[in-house]
Amino acid sequence: MSNLTHDKRTNITIISGRDSAVLEEWFDSLPINLVAEHGASIRRYGEDWTHEKEIDQSWKPLIRPTLELFAQRSPGSFIEEKNHTLAWHYRNVDRDLGFVRSRELLDSLYHLVRNAHLQVIDGNKVIEVRVAGVDKGVAARKLVEEFKTDFVLAVGDDKTDEDMFRALVGHALTIKVGSGHTQAQHSLPTQQDVIVLLNQFIS
Numbered sequence: 013m014s015n016l017t018h019d020k021r022t023n024i025t026i027i028s029g030r031d032s033a034v035l036e037e038w039f040d041s042l043p044i045n046l047v048a049e050h051g052a053s054i055r056r057y058g059e060d061w062t063h064e065k066e067i068d069q070s071w072k073p074l075i076r077p078t079l080e081l082f083a084q085r086s087p088g089s090f091i092e093e094k095n096h097t098l099a100w101h102y103r104n105v106d107r108d109l110g111f112v113r114s115r116e117l118l119d120s121l122y123h124l125v126r127n128a129h130l131q132v133i134d135g136n137k138v139i140e141v142r143v144a145g146v147d148k149g150v151a152a153r154k155l156v157e158e159f160k161t162d163f164v165l166a167v168g169d170d171k172t173d174e175d176m177f178r179a180l181v182g183h184a185l186t187i188k189v190g191s192g193h194t195q196a197q198h199s200l201p202t203q204q205d206v207i208v209l210l211n212q213f214i215s
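Note that this note's numbering has the sequence shown beginning at 13, numbered continuously upward.
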């Protein structure tokens, strides 16, 4: 990625579900834009973080007890709390148990958020709850319109990247990494294939 940043005509943005502290730790040395928590916070290169939604913790006591219950019932799972998000990770749970518990949790959460301005995201071995109105697609469209670039390449491998692919129809070349149904125009089997593609851009 650092090689891509050497071309001053290239503008790179990482849009992630991770929180701002993690993204800073990983990418702070690179001259790129960072988008945390699926679009809730944005840091344009050289600027401070801005929040697309006001940080509101008032909803978390409604959701946290349910996540804690499922964490207790699912050995290997854990809860992650971010500014705008609560997440239940089950990557290390027995595969069959993890699938059953995740479907049960989704059902419980959908009932809890029915009358709240919250969104439930069924991600890759993670279920997240966040304030509604922000996603990777909203953030991507905002930055594409802001930077007014000639060509946009959007690549992602997570379920939440489908929001980005949908939002960028007609505005970008979109690529899903991995198998399965997608809103992206194209797909590549592995992350290594993405590296090969990016190296072709550099050369």
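Even for Gly, the Cβ is constructed at its ideal location relative to N, Cα and C.
- Contact annotation, T17 with I44: C-beta distance approximately 7 Å; criterion of less than 8 Å satisfied.
- Following the DSSP letters along the chain, one finds W71 in no alpha helix (DSSP H), marked with neither H nor E.
- In the DSSP assignment, Q212 falls within the alpha helix (DSSP H) that extends over 203–214.
- Note that the C-beta distance between R142 and T97 is below 8 Å.
- Of the candidates L121, D169, R85, the residue whose Cα lies closest to the Cα of K72 is L121.
- Note that the C-beta distance between A128 and L79 is not below 8 Å.
- Taking all protein chains shown into account, I207 has fewer than 16 neighbouring C-beta atoms within 10 Å of its C-beta and is therefore exposed.
- In the DSSP assignment, E140 falls within the unbroken beta strand (DSSP E) covering 138–143.
- In this structure, A196 sits away from A152, with a CB-CB distance that is not shorter than 8 Å.
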